[in-house]
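Asks: Once you've had a glance at the structure underneath, I'll fire off some questions.
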Amino acid sequence: MPSDTNPRSVILTGDRTTGPLHLGHYVGSLRNRVALQHEHEQYLLLADTQALTDNAHDPEKVQRNVVEVTLDYLAVGIDPTISTICVQSALPALAELTLLYLNFVTVARLERNPTIKDEIQARGFGRDIPAGFLCYPVAQAADITGFKATLVPVGEDQMPLIEQTNQIVRRLNRQTGRLVLPEARALIPDIGRLPGVDGKAKMSKSQGNAIPLSATDNEIEDAVHRMYTDPDHLRVSDPGQVEGNIIFVYLDAFDEDREAVADLKSHYRRGGLGDMVLKRRLTSILQALVAPIRESRLSLAKDRDFIMDILQAGAARGRKITEATKLKLMEALGTFRFDGES
Ligand code: TRP
Numbered sequence: 002m003p004s005d006t007n008p009r010s011v012i013l014t015g016d017r018t019t020g021p022l023h024l025g026h027y028v029g030s031l032r033n034r035v036a037l038q039h040e041h042e043q044y045l046l047l048a049d050t051q052a053l054t055d056n057a058h059d060p061e062k063v064q065r066n067v068v069e070v071t072l073d074y075l076a077v078g079i080d081p082t083i084s085t086i087c088v089q090s091a092l093p094a095l096a097e098l099t100l101l102y103l104n105f106v107t108v109a110r111l112e113r114n115p116t117i118k119d120e121i122q123a124r125g126f127g128r129d130i131p132a133g134f135l136c137y138p139v140a141q142a143a144d145i146t147g148f149k150a151t152l153v154p155v156g157e158d159q160m161p162l163i164e165q166t167n168q169i170v171r172r173l174n175r176q177t178g179r180l181v182l183p184e185a186r187a188l189i190p191d192i193g194r195l196p197g198v199d200g201k202a203k204m205s206k207s208q209g210n211a212i213p214l215s216a217t218d219n220e221i222e223d224a225v226h227r228m229y230t231d232p233d234h235l236r237v238s239d240p241g242q243v244e245g246n247i248i249f250v251y252l253d254a255f256d257e258d259r260e261a262v263a264d265l266k267s268h269y270r271r272g273g274l275g276d277m278v279l280k281r282r283l284t285s286i287l288q289a290l291v292a293p294i295r296e297s298r299l300s301l302a303k304d305r306d307f308i309m310d311i312l313q314a315g316a317a318r319g320r321k322i323t324e325a326t327k328l329k330l331m332e333a334l335g336t337f338r339f340d341g342e343s
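Here the numbering used here is used: the first residue of the sequence shown is 2, the next is one more, and so on.
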């Protein structure tokens with residue numbers, strides 16, 4: 002359990018609803034969220050609107066995955082009676098805040114955002130960047146501030162988005178002369194980001210190098226089997242390289258027996274420890290982690306009404322909070338407000 006957190010934080014995180022979540026999400030933030038929900042006020046945002054910024058050609062996928070991601074949340078242990086799960090598109094105040102915030106950020110600043118730069122590259126947009134995509138950090142600032150979140154458990158690739166959020170917050174606070182909105186802090190896991198099973202820097206569904214939280218035992222076994230280890234570790238008796246060896250990165254992330262992992266590392270360095278021993282160990286650890294999640298997901302998926310009730314209740318709560326933030330901010334800014342009554 003992360004210890005350096007304020008006793009009463011408001012936590013918000015979101016996930017784009019483009020596909021079921023995977024072990025990278027689990028290590029990057031889900032594990033933290035499950036641990037933190039008992040002591041803090043926590044909101045989870047199903048970011049369908051953000052998902053559309055680079056999936057406008059496939060809205061059906063985005064829609065379908067709202068339920069898939071909800072199942073992932075519940076199956077890993079997010080408790081809907083203490084955490085609130087909201088669909089982003091069901092909260093119109095977030096869109097209104099986004100429109101307002103767009104006036105407090107420049108296009109040049111958005112273009113400089115390192116996360117956006119990387120993502121534009123990865124998606125091969127060239128000069129044809131959807132405007133919604135370039136501006137999604139502003140919408141994400143609305144997500145975070147709409148709930149007045151102070152703590153955001155995310156992977157480290159999201160750091161620039163939190164910085165951008167805080168810059169907008171400071172501008173708004175300066176403009177209004179009040180502390181209308183709090184700044185937010187990112188909570189980054191110790192392990193950093195989980196590489197893909199192919200050894201690439203990031204596990205991602207679109208790269209085809211992810212192990213989903215719904216993976217079967219066989220899928221896990223295959224994925225671990227395919228992992229590259231140290232290319233110079235040809236014979237079991239050869240000394241092996243631990244640093245940058247993906248099996249050890251995974252053992253560091255998932256094996257709770259720290260002492261055993263330390264022993265395995267020194268044995269590997271000395272020579273005499275085969276890759277298959279490590280792979281078998283990792284396979285059974287991952288299978289033991291994923292099996293109950295997969296089972297629970299399957300049984301939850303049968304009760305669609307239960308899922309819909311959770312989303313309804315979450316949306317109602319989320320609407321109230323974000324609408325209140327929006328009204329407070331508009332009042333502080335002194336913007337025109339039409340209430341329709343004479
Ligand atoms: N950008 C995040 C991702 O790609 C998803 C997200 C949307 C988010 N809104 C958020 C994360 C608010 C943290 C806070 O995974």
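Every residue gets a Cβ at the ideal spot worked out from N, C-alpha and C, and that includes glycine.
1) Figure out for me which residue from Met-277, Val-291 and Gln-168 has the closest Cα to the Cα of Leu-235.
2) Should the region 254 to 271 be called in touch with the region 198 to 212, which here means at least 3 C-beta pairs below 8 Å?
3) Return the residue from the list Arg-65, Ser-215 and Val-181 that minimises the CA-CA distance to Ala-48.
4) If you count every other CB in all the chains shown that lies within 10 Å of the CB of Asn-219, and 16 or more means buried, which is it?
5) Is the Cβ-Cβ distance between Arg-186 and Leu-152 less than 7 Å?
6) Relative to the C-alpha of Gln-141, which residue among Leu-72, Ala-94, Asp-129 and Ala-76 is closest?
7) Ends of the beta strand (DSSP E) at Ser-84?
8) Would you say the beta carbon of Val-70 is closer than 6 Å to some non-hydrogen atom of the ligand TRP?
9) Taking one C-beta from the region 65 to 82 and one from the region 300 to 319 each time, how about it: are there three or more such pairs within less than 8 Å?
10) So, helix, strand or coil for Thr-14, using DSSP?
11) Taking the DSSP output, what are the residues bridged to Arg-186?
12) So who's on the other strand from Leu-45, going by DSSP bridges?
13) Compute the Euclidean distance between the alpha carbons of Asp-239 and Ala-211, then round it to the nearest angstrom.
14) Among residues of its own chain, excluding the 5 on either side of Ser-90, which ones have a beta-carbon nearer than 6 Å to its beta-carbon?
15) Expressed to the nearest angstrom, what Euclidean distance is found between the alpha-carbon atoms of Ser-285 and Glu-61?
16) Do Val-225 and Lys-266 have their C-beta atoms closer together than 7 Å?
17) Determine, using beta carbons only, whether Pro-293 comes closer than 7 Å to chain B.
18) Does any heavy atom of the ligand TRP sit closer than 6 Å to the C-beta of Leu-31?
19) Pairs of beta-carbons, one from the region 51 to 60 and one from the region 30 to 40, closer than 8 Å: are there three or more?
20) Thinking C-beta only, is Thr-323 closer than 7 Å to Pro-147?
21) Tell me whether Gly-193 counts as near the ligand TRP, meaning its Cβ is closer than 6 Å to at least one heavy atom of that ligand.
22) From Arg-117 to Leu-111, what does the alpha carbon distance come to, in whole angstroms?
23) For the alpha helix (DSSP H) containing Gly-319, name the first residue and the last one.
24) The alpha helix (DSSP H) spanning Pro-161 covers which residue range?
25) Is any heavy atom of the ligand TRP found at a distance shorter than 6 Å from the C-beta of Gln-141?
26) Using a threshold of 6 Å, is the CB atom of Asp-73 nearer than that to any non-hydrogen atom of the ligand TRP?
27) Could you check whether the Cβ of Ala-1 sits closer than 6 Å to any heavy atom belonging to the ligand TRP?
28) Just list the residues that DSSP pairs Pro-213 with in beta bridges.
29) Measuring alpha carbon to alpha carbon, tell me which residue in Gln-165, Glu-42 and Asp-80 is nearest Leu-312.
30) At the level of alpha carbons, what is the spacing between Leu-24 and Pro-213?
Replies: So, from the listed chains and residues:
1) Taking the first residue of the sequence shown as 1, we reach residue 235 at position 234. Nearest C-alpha to Leu-235: Met-277.
2) no
3) Taking the first residue of the sequence shown as position 1, residue 48 is located at position 47. Of the candidates Arg-65, Ser-215 and Val-181, the one whose C-alpha sits nearest the C-alpha of Ala-48 is Arg-65.
4) The residue given as residue 219 occupies position 218 in the sequence shown. Classification of Asn-219: exposed, given that the 10 Å Cβ count is below 16.
5) In the sequence shown, the residue the question calls residue 186 occupies position 185. In the sequence shown, the residue the question calls residue 152 occupies position 151. Result yes, Cβ atoms of Arg-186 and Leu-152 sit closer than 7 Å.
6) Residue numbering aside, residue 141 sits at position 140 when the sequence shown is read from its first letter. The shortest CA-to-CA distance from Gln-141 to any of Leu-72, Ala-94, Asp-129 and Ala-76 is the one to Ala-94.
7) For the purposes of this step, residue 84 is identified with residue 83 of the sequence shown, where counting begins at 1. Segment 84 to 88, the beta strand (DSSP E) holding Ser-84.
8) Here the question's residue 70 lines up with position 69 in the sequence shown. Val-70 Cβ: outside cutoff for every heavy atom of the ligand TRP.
9) yes
10) Here residue 14 refers to the residue found at position 13 when the sequence shown is read from its first residue. Thr-14 falls in the strand class under three-state DSSP.
11) Working through the sequence shown from its first residue, we reach residue 186 at position 185. According to DSSP, which records beta bridges pairwise, Arg-186 is partnered with Leu-152.
12) Here the question's residue 45 lines up with position 44 in the sequence shown. DSSP lists Thr-14 and Ile-86 as partners of Leu-45.
13) By one-based count along the sequence shown, residue 239 stands at place 238. By one-based count along the sequence shown, residue 211 stands at place 210. Going by the C-alpha atoms only, they are around 30 Å apart.
14) One-based indexing of the sequence shown puts residue 90 at position 89. Contacts found: Asp-49 and Thr-50.
15) Indexing the sequence shown from 1 puts residue 285 at position 284. Indexing the sequence shown from 1 puts residue 61 at position 60. Cα to Cα, the separation comes out at about 36 Å.
16) Here the question's residue 225 lines up with position 224 in the sequence shown. Here the question's residue 266 lines up with position 265 in the sequence shown. Their beta carbons are not under 7 Å apart, which means Val-225 does not touch Lys-266 by this criterion.
17) In the displayed structure, chain B is absent; only one protein chain is listed.
18) Taking the sequence shown and counting its residues from 1, the one referred to as residue 31 is at position 30. Every heavy atom of the ligand TRP is 6 Å or more from the Cβ of Leu-31, so no.
19) no
20) If you number the sequence shown from 1, residue 147 lands on position 146. If you number the sequence shown from 1, residue 323 lands on position 322. Reading the sequence as shown, one finds Gly at residue 147 and not Pro. Result yes, Cβ atoms of Gly-147 and Thr-323 sit closer than 7 Å.
21) Counted from its first residue, the sequence shown places residue 193 at position 192. Flag unset: Cβ of Gly-193 not near the ligand TRP.
22) Your numbering for residue 117 matches position 116 in the sequence shown. Your numbering for residue 111 matches position 110 in the sequence shown. Looking at the sequence itself, residue 117 is Ile, so the reference to Arg does not match. Taking the straight line from one Cα to the other gives about 8 Å.
23) Here the question's residue 319 lines up with position 318 in the sequence shown. Residue range 305 to 334 is occupied by the alpha helix (DSSP H) that includes Gly-319.
24) To locate residue 161, count along the sequence shown from 1; it is residue 160. Looking at the DSSP string, the run of the alpha helix (DSSP H) that includes Pro-161 is 160 to 177.
25) Residue numbering aside, residue 141 sits at position 140 when the sequence shown is read from its first letter. Checking every heavy atom of the ligand TRP against the Cβ of Gln-141, one is found closer than 6 Å.
26) The sequence position of residue 73 within the sequence shown is 72, counting from 1. No, Cβ of Asp-73 sits at least 6 Å from all heavy atoms of the ligand TRP.
27) For residue 1 there is no data in the structure shown, the boundaries of the chain being 2 and 343.
28) Translated into positions along the sequence shown, residue 213 becomes position 212. Its beta-bridge partners are His-23.
29) In the sequence shown, residue 312 corresponds to position 311, counting from 1. The shortest C-alpha separation from Leu-312 is found at Asp-80.
30) On the sequence shown, position 23 is the one that residue 24 refers to. On the sequence shown, position 212 is the one that residue 213 refers to. Distance between the alpha carbons of Leu-24 and Pro-213 is about 6 Å.
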